[in-house]
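Okay, so the sequence shown: first residue is 2 according to our numbering, each after it adds one. This report refers to the structure that appears directly beneath it.
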Amino acid sequence: MSPRRMLVVGVALLTPVLSSIATLATERSASAATYSGYVMGYFKESPNQSGDSYALHSAVSSDGLNWMPLNQNNPVATPTAGMQGLRDPYILRKQDGTFVVLATDLKGRVFNLNNQYIHVWDSANLTSFTNYRRVRLHDMNTHSWAPNSFTTLTSGLRQGNAIEAPILVKSNTSNTFWLWGDSFSPANAVFCACQSSNVNGNAWSALNQRAYTRPINAKHATTTPITAAEQTALMNRWGTPQWNRLKSNNFPGRYLRHSSYALRLDPNDNTSTFRADATFYRTGGLADGAWASFRSYNHPDRYIRHSGYLLRIDPLSAGSDLTARQDGHLRSRTRGELFQ
């Protein structure tokens with residue numbers, strides 16, 4: 002397939018949005034700030050619908066590939082008008098350095114409704130959201146979808162059976178570009194990514210899932226570069242995860258979960274039992290504060306420990322013998338995601 006130029010806009014009607022929303026401008030900072038991180042906005046869906054959340058969620062990343070959800074993966078903003086739910090959020094940085102958040106006015110998976118409105122918020126730094134309103138885009142008998150805009154060259158990149166919501170992100174530290182896509186078939190809410198250092202030459206390669214970690218159940222995301230101060234402010238405002246997921250490097254679709262108190266490396270089947278079994282809270286080391294211990298989410302008196310060179314969850318506490326507490330010491334590189 003020959004290269005083609007793709008323009009993605011909400012119902013091809015971005016112009017009315019720009020005229021309706023004060024002084025929206027092209028996505029660049031007036032102060033040309035030095036960006037060192039990224040912020041992601043998203044809503045949540047899971048294949049069995051138990052993890053669905055039609056509100057604005059946010060995550061941050063230092064490298065643009067591995068993401069840390071904020072606010073314990075709970076919403077940071079929820080629509081209060083229209084259908085009182087959102088899909089397809091888009092974060093736009095204005096020329097003055099502040100932000101506007103746009104989103105589809107829809108709660109759930111009913112796609113045959115007619116709704117001419119989108120949700121809109123203003124935000125100084127994404128730690129709070131003000132001036133919430135709904136903006137009418139048109140008077141046609143159809144729905145307003147996914148209000149966002151960007152242009153990129155592609156040649157039919159595809160992972161999974163179907164891809165939506167492409168996101169083009171440039172590395173803050175190199176000439177590398179990432180092209181993200183949200184696959185909804187054969188499984189829903191699966192992020193795929195391609196990488197290029199030669200966008201003009203249309204040279205892209207698919208990334209292995211071990212190269213990135215996205216927030217669990219994240220769907221139709223939006224990504225914007227931010228400064229170190231903005232990233233710190235977001236983490237201070239919304240909090241970093243108090244839990245971890247332990248993801249395999251060479252089998253990136255599998256996670257450590259306990260079964261009959263033994264730890265196994267199993268694929269995520271999106272059941273509530275799996276999510277509970279695969280969620281662990283990071284605590285101070287039971288024997289040495291320089292290390293960490295990991296407490297089971299659904300068996301809070303049990304911690305991960307090794308026994309006979311195998312991992313399991315056993316009852317541990319400050320009163321346990323020293324050897325048992327030392328067996329429960331681990332170190333992790335980053336905090337992970339909550340299965341919910």
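C-beta atoms are modelled at their ideal positions from N, C-alpha and C, and glycine is treated no differently. Please read these numbers as outputs of a predicted model, since none were measured by experiment.
Query, Result
"Contacts around A166, its chain only, beta-carbon distance under 6 Å, and the 5 residues preceding and following it disregarded", "D183 and H221"
"L127 versus N149: straight-line alpha-carbon distance, rounded", "18 Å"
"R110, enclosing beta strand (DSSP E) - first and last residue", "Run containing R110: none; DSSP gives neither H nor E here."
"Distance between beta carbons of Q243 and V61, contact taken as under 8 Å", "Between Q243 and V61 the Cβ distance is about 16 Å, and since that is not below 8 Å, they are no contact."
"Segment contact flag, the stretch 226 to 241 with the stretch 42 to 49, C-beta cutoff 8 Å, min 3 pairs", "no"
"Secondary structure of E231, DSSP reduced to three states", "helix"
"Which listed residue (N218, L180, T224 and F192) has its alpha carbon closest to that of N203", "L180"
"Which of helix, strand or coil DSSP assigns to Q73", "helix"
"Distance, I168 Cα to T174 Cα", "18 Å"
"Terminal residues of the alpha helix (DSSP H) in which L323 lies", "L323 to D328"
"Endpoints, beta strand (DSSP E) assigned at T284", "F281 to G285"
"Close-in-space but distant-in-sequence residues of the same chain around Y118 (CB under 8 Å, 5 per side omitted)", "G83, D106, R135, V136, R137, L138 and S145"
"Distance between F275 and R313 (C-alpha atoms, nearest Å)", "16 Å"
"Nonlocal neighbours in the same chain, by C-beta distance under 6 Å from G254, ignoring five residues either side", "P268"
"Alpha helix (DSSP H) segment containing A277, residue limits", "S273 to D278"
"Stretch pair the stretch 323 to 333 + the stretch 286 to 297: three plus CB contacts closer than 8 Å", "yes"
"Through-space distance from P80 to I217, alpha-carbon basis", "22 Å"
"Integer Cβ distance of Y298 from A277, believed to fall under 8 Å", "6 Å"
"C-beta atoms of N245 and F281 nearer than 8 Å", "yes"
"When R94, H259, L264 and Q210 are compared against N250, the one with the closest alpha-carbon", "Q210"
"Helix, strand or coil at N176 according to DSSP, with G and I counted as helix", "coil"
"Alpha carbon of S32 to alpha carbon of S308, nearest angstrom", "Note that S32 has pLDDT 42, beneath the 50 cutoff, so the model's placement of it is unreliable and the number below is only indicative. Rounded to the nearest angstrom, the two C-alpha atoms are 56 Å apart."
"Identity of the residue in R283, S273 and Y304 nearest D53 by Cα", "S273"
"Endpoints, the beta strand (DSSP E) within which V121 is located", "Y118 to S124"
"Sequence-distant residues of its chain with Cβ nearer than 7 Å to R215 (five each side left out)", "W68 and F192"
"Inter-residue spacing [alpha-carbon to alpha-carbon] between S321 and R283", "18 Å"
"Minimum C-alpha distance to F130 - residue among L66, L103, T143 and H259", "L103"
"Sequence-distant residues of its chain with Cβ nearer than 8 Å to R265 (five each side left out)", "L257, R258 and H259"
"Identified DSSP bridge partners for G202", "DSSP lists no partner for G202."
"Burial state of G109, where buried means 16 or more other Cβ atoms lie within 10 Å", "exposed"
"As assigned by DSSP and simplified to three states, the class of L331", "strand"
"Straight-line gap, S198 to L208 (C-alpha atoms, nearest Å)", "13 Å"
"N237 in three-state terms, based on DSSP", "helix"
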